[in-house]
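Participant:
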Amino acid sequence: MNTNINSDNYEAYLLDYMEGNLSPDETKQLKAFVATQGLDWEELTEELPHLKAPQIVFQDKDRLKSKSLSLPKDRSNNKPVLVPLYAKIASAAAAAGLLLTIGLWPEKSMPEINPVAELKPIEAHLTVDETTPCLVPRRTVQMATTPSVQNEPKDYRAPQTEVESVAILSPLKSQSVSIPNDADDLLVSDLTLLRYRMETRQAFVYLPEALSYEKEMPSSLIGKGIYWMTEGRLCTLGDLLNAGLHLAKQEVVRATTDVAMTAYYRAEEQIEETREYWQEKYRE
Amino acid sequence: MYKMDRHQYNQCVEQYADRLFRFAFSSLRNRQEAEDVVQESFARVWEKRQTVDFAKAKSYLFTIAHHTMIDEVRQKRQTSGIEELAALADPKGIPYPDVNDILHQALSTLPETQRNTLLLRDYEGYSYQEIGNITGMSEAQVKVNIFRARTALKNKLKSIDNLIDIEP
């Protein structure tokens with residue numbers, strides 16, 4: 229019997245031999261092969277160790293069960309929801325994006341923008357459409373997938389005399405993307421968009437759009453991340469950052485705890501400052 | 009039409025969550041990552057309940073867990089946060105023999121594929137053919153990996169024995 233023992237499979241035969249599954253003829257051939265390789269038969273066939281399985285309990289089985297698997301229809305339903313891994317990655321991306329936008333992006337590198345509309349309170353149910361005033365002026369040029377930062381001053385148009393409106397995520401909605409295959413590209417696109425078009429205050433305009441998932445899931449990675457982070461229960465930027473940081477955990481929190489706290493407090497200050505600005509403006 | 013109903017799915021959770029977590033944790037030695045793998049695996053089973061029936065759910069879970077660990081978690085692994093397996097062992101369960109503890113620590117030095125095939129064999133008692141189906145390898149490749157894993161662990165034990173012999 230020719231067993232075709234070679235250097236790629238002889239270890240499989242050795243295992244069979246040690247488990248008593250080789251015929252005398254096959255054993256003979258195996259020994260012959262081992263000898264030709266200059267290997268020590270006795271050493272190779274010494275008793276091999278086996279692992280004993282420890283008793284380990286997965287503590288959170290209820291979270292895995294099907295009653296918690298579907299997304300809550302009712303926003304007041306605060307039951308924990310099973311979050312797939314890709315969603316956590318998206319969440320981390322969202323947290324990173326927001327941290328970069330709010331906490332890290334140097335304000336002086338952004339174009340100066342004067343507020344042109346009233347700052348709406350951030351609410352989970354609020355949606356933004358073409359008629360909703362917001363702080364971001366409409367762009368005259370169609371957004372490229374990954375715009376170059378160097379082109380920023382040319383493409384950017386300062387607000388005109390009348391109030392203009394735009395949905396910050398509109399350019400991304402035209403893209404057909406999916407997670408996780410395009411996650412990296414999309415994240416680059418998201419971050420570039422955020423850097424390109426938003427300054428700290430304007431980041432808040434982004435949130436209502438990202439939360440308008442009743443119509444459809446947000447098509448941007450950050451939008452998806454925010455969706456998964458909050459499941460629609462988000463009310464404030466502080467909640468968003470906290471939720472993002474909670475889910476992002478190892479991906480973001482370890483490296484950016486200080487930055488996150490700084491961003492959080494800065495964000496609160498910005499909200500207050502902006503509110504006061506518009507209250508004063510309104511009184512005028 | 010679903011091949012697995014909600015009740016059967018929940019039965020899967022009861023029956024296999026511990027085993028799947030043990031497999032993932034023994035391979036990754038990181039609680040958070042292991043929990044992620046378990047969640048991911050069950051989420052995928054739930055999504056695929058139209059095609060996966062109850063009888064095949066266990067091997068499907070281990071298949072997803074294996075590939076998740078190979079494809080995704082490994083790339084993101086960080087050296088921090090490593091936990092000892094013994095810390096998670098049920099104190100009321102089988103006490104850890106010293107040799108077994110050493111073997112589990114030595115597991116982390118093995119390549120991922122060797123480690124996972126060995127765990128599937130020793131923890132779950134899968135046949136080589138079944139492990140091949142789960143990992144996408146041939147039966148011979150599975151045997152080669154397991155033989156190499158056991159040999160590496162044996163050598164580890166021998167090296168520790170030698171150290172003890174040298175001690176005055």
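Chains as they are written, first to last, in the numbering used here: chain A, 229 to 512; chain B, 9 to 176. All C-beta atoms in this analysis are idealised placements derived from N, C-alpha and C, irrespective of residue type, glycine included. On a predicted model such as this, the values are computed, not experimentally measured, just so you know.
Which chain B residues are close to Leu258/A, counting only those with a beta carbon under 8 Å from its beta carbon?
Facilitator: Chain B residues near Leu258/A: none, gap ~12 Å exceeds 8 Å.
Participant: Is there a C-beta anywhere in chain A that falls below 8 Å from the one on His112/B?
Facilitator: yes
Participant: Can you say whether Leu258/A is buried or exposed, counting buried as having 16 or more other CB atoms within 10 angstroms of its CB?
Facilitator: buried
Participant: Based on Cα-Cα distance, which residue from Lys64/B, Leu127/B and Thr76/B lies nearest to Gln47/B?
Facilitator: Looking at the Cα atoms, Thr76/B is the closest of the given residues.
Participant: Are the region 46-60 of chain B and the region 23-31 of chain B in contact at 8 Å, needing three or more beta carbon pairs?
Facilitator: Yes, since at least three Cβ pairs between the region 46-60 of chain B and the region 23-31 of chain B fall closer than 8 Å, the two stretches touch.
Participant: Output yes if chain B places a C-beta closer than 8 Å to the C-beta of Lys289/A; else output no.
Facilitator: Yes, contact with chain B.
Participant: When you compare only the Cα positions, how much space is there between Ala157/B and Gln498/A?
Facilitator: 58 Å
Participant: Can you name the residues of chain A whose CB is closer than 7 Å to the CB of Ala148/B?
Facilitator: Asn237 and Ala240
Participant: Measuring CA to CA, which of Ala51/B, Thr71/B, Gln16/B and Ser116/B is closest to Arg37/B?
Facilitator: Ser116/B
Participant: Three or more beta-carbon pairs under 8 Å between the region 137-149 of chain B and the region 285-294 of chain A, yes or no?
Facilitator: no
Participant: In whole angstroms, give me the CA-to-CA distance for Pro252/A and Lys56/B.
Facilitator: 47 Å
Participant: Is the beta carbon of Leu165/B less than 8 Å from the beta carbon of Ser34/B?
Facilitator: Note that the C-beta distance between Leu165/B and Ser34/B is not below 8 Å.
Participant: Would Tyr241/A pass as a contact of Leu250/A if the rule is Cβ separation under 8 Å?
Facilitator: Yes, Cβ-Cβ distance for Tyr241/A and Leu250/A is below 8 Å.
Participant: Taking Cβ-Cβ distances shorter than 7 Å, what residues in chain B pair up with Val262/A?
Facilitator: Those within 7 Å of Val262/A in chain B number zero; the least Cβ separation is about 13 Å.
Participant: May I ask you to list, following chain order, the residues of the region 128-143 of chain B that have a beta carbon less than 7 Å from some beta carbon of chain A?
Facilitator: Against chain A - using a Cβ distance shorter than 7 Å - the residues of the region 128-143 of chain B are Asp130 and Tyr131.
Participant: For Val21/B, is the classification buried or exposed, using 16 other Cβ atoms within 10 angstroms of its Cβ as the cut-off for buried?
Facilitator: buried
Participant: Just verifying my parser: in three-state terms, what is the DSSP assignment at Glu247/A?
Facilitator: coil
Participant: Around the C-beta of Tyr17/B, are 16 or more other C-beta atoms found within 10 angstroms, so that it is buried, or is it exposed?
Facilitator: Buried is the call here.
Participant: Looking only at its chain, what residues have a beta carbon closer than 7 Å to the beta carbon of His74/B, apart from the 5 residues adjacent to it on each side?
Facilitator: By the criterion of a C-beta distance shorter than 7 Å, His74/B is surrounded in its chain by Asn124, Ile142 and Thr143, once the five residues flanking it on both sides are discounted.
Participant: Using DSSP with H/G/I as helix, E/B as strand and the rest coil, what is Glu504/A?
Facilitator: If DSSP states are grouped into helix, strand and coil, Glu504/A belongs with the helices.
Participant: Determine the chain B residues that contact Leu513/A at a beta-carbon separation under 9 Å, and present them in chain order.
Facilitator: This structure leaves residue 513/A out entirely; chain A is present only between 229 and 512.
Participant: If you run the structure through DSSP and keep just helix, strand and coil, what is Val184/B?
Facilitator: Lying before the first or after the last residue shown, residue 184/B is absent from chain B, which here runs from 9 to 176.
Participant: If we count the other Cβ atoms within 10 Å of its Cβ and call it buried at 16 or more, is Ser244/A buried or exposed?
Facilitator: Looking at the sequence provided, one finds Asp at residue 244/A rather than Ser. Buried: at least 16 other Cβ atoms inside 10 Å.
Participant: Quick one, which of Val107/B, Phe62/B, Thr59/B and Met12/B has its alpha-carbon nearest Ile168/B's?
Facilitator: Val107/B
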